[in-house]
Amino acid sequence: MGTPTSGPSPFHPRRAALVAPVRVDPRGIAGPSRRQARGPGWRRTSRGFYVPSTTGSSPEQRIVEAAAPLPPAGAVTGWAALRWVGGVWFDGCSPDGRDQLPVTLASCQDDIRAQAGTALCQERLNPSEIVTVDGLRVTVPERSVCFEMRYAEDEREAVVHLDMAAYSDLVSISEEVAYATAHPGWTGIPQARTAITLADENSWSPWETRMRLTWVLDAGFPPPLCNRPIFDRWGRHLGTPDFVDPETGTVGEYDGALHLSGRRRSQDLRREGIFRRHDLEYFTVLAGDMSRRELVVERMADARARAARVAPSRRSWTLTPPSWWVQSHSVERRRALTGREREVVLRHRRRVA
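Just so we're on the same page, my numbering is the position in the sequence shown counted from 1, plus 1198.
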């Protein structure tokens, strides 16, 4: 028998690029025959399920394949659930990008076993915490991010998970506080609670969060304001740095590979000049710097020491926006934006979508 002409169905109409895993079909129609399944035209995704060998390996496809054996009362959780519902920074890779993370399946039943590329969570699962989105059962964002925070390698990475869930407006800090409070006995809850106190709803990337935590936890400085627009006294927008220390006027920027060449680098230098002309002291952390945290702390401390301590009444800059400015520094504010406002105010999200 040949490969079925129709092939496996798309996983969901709104996810047309994703292929639904199928079981072996002795007729070779609804799925590969046993002989076909052993050949090069098909790839086994988990015990009893297959996709054509030409199927891609995007994070979403990995999630679909991992979820195929889920029992009716189970759901995808953790990073995969957050990715599925719109968490753009949850790509299923380790922080250094070298390794793929397993897709975690939440189920209290014993009729499912971990397989390659998956992990099991058998903590109690309330049916009210499961939602179906585009044909896939996932845990609600509050549970999904709490899972990642509880099992993160340390409290800093736990903060990254919450910050990035808030970036995509999946959860707010107050919502996560309520969830953690309602589950006091779970493994890792103390770490999650600590991370919540360090979170910010307006960080725009994982490395911005890590830089901010170095400022707070290692340098010992007060929490800065993340991605807040700075204006001159006439209401003109000077720029929106990764973070600003309102006490001293110290501006911090994290420059990844995208910032190191071409037009983007020219824009960064221009903006740095504007900030300096308004007595805002400026420092930059490059992509490779975070592996030597002590040097980053020294750079931060030097910049803060140089910062012009001008009285607020004499500053040529302000963090108070003009009346016409649409503010978006919290999950609550972003959720309240109109469609057109979202296109304009959140246009920076298109760079990581």
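We treat Cβ as the ideally placed atom computed from N, Cα and C, and that holds for glycine.
- Shown here, Glu1340 sits in a helix according to DSSP, grouped into three states.
- In this structure, the beta-carbon distance from Gly1276 to Thr1302 falls below 8 Å.
- In the structure shown, Phe1473 adopts helical secondary structure according to DSSP, grouped into three states.
- DSSP places Arg1241 in the strand class (E or B) of the three-state scheme.
- Two segments are said to touch when three or more pairs of C-beta atoms, one from each, lie closer than 8 Å; by this definition the region 1321-1341 does not touch the region 1492-1502.
- With at least 16 other beta carbons inside 10 angstroms of its own, Asn1425 counts as buried.
- Rounded to whole angstroms, the gap between the alpha carbons of Pro1250 and Tyr1349 is 34 Å.
- Going by DSSP, Ala1499 is part of the alpha helix (DSSP H) stretching over Arg1491 to Arg1504.
- Pairing Ala1505 with Thr1446 gives a Cβ-Cβ distance under 8 Å.
- A check of alpha carbon separations from Val1343 across Gln1259, Leu1280, Asp1477 and Ser1372 identifies Leu1280 as the nearest.
- When beta bridges are read from the DSSP output, Ile1328 appears opposite Thr1337.
- In this structure, the alpha-carbon of Ala1534 lies about 22 Å from that of Leu1517.
- For Gly1437, the uninterrupted beta strand (DSSP E) run begins and ends at His1435 to Gly1437, by DSSP.
- One alpha carbon belongs to Arg1513, the other to Gly1284, and they sit about 40 Å apart.
- Of all C-beta pairs linking the region 1361-1374 to the region 1319-1331, fewer than three are shorter than 8 Å, placing the two stretches out of contact.
- Taking 8 Å as the cut-off, the beta carbon of Cys1291 is found closer than this to the beta carbon of Leu1299.
- Here Trp1287 is buried. Its C-beta has 16 or more other C-beta atoms within 10 Å.
- Taken through DSSP and simplified to helix, strand or coil, Arg1213 comes out as strand.
- When the alpha-carbon of Gly1386 is set against those of Ile1371, Arg1547 and Asp1352, the nearest one is in Asp1352.
- Exclusion of the five residues before and after His1435 leaves Pro1427 and Phe1429 as the residues of its chain whose Cβ lies within less than 7 Å of its Cβ.
- About 5 Å separates the Cβ atoms of Glu1451 and Thr1482, confirming a contact at the 8 Å cut-off.
- Residues of the same chain with a CB within less than 6 Å of the CB of Arg1232, apart from the 5 flanking positions on each side, are Val1222 in chain order.
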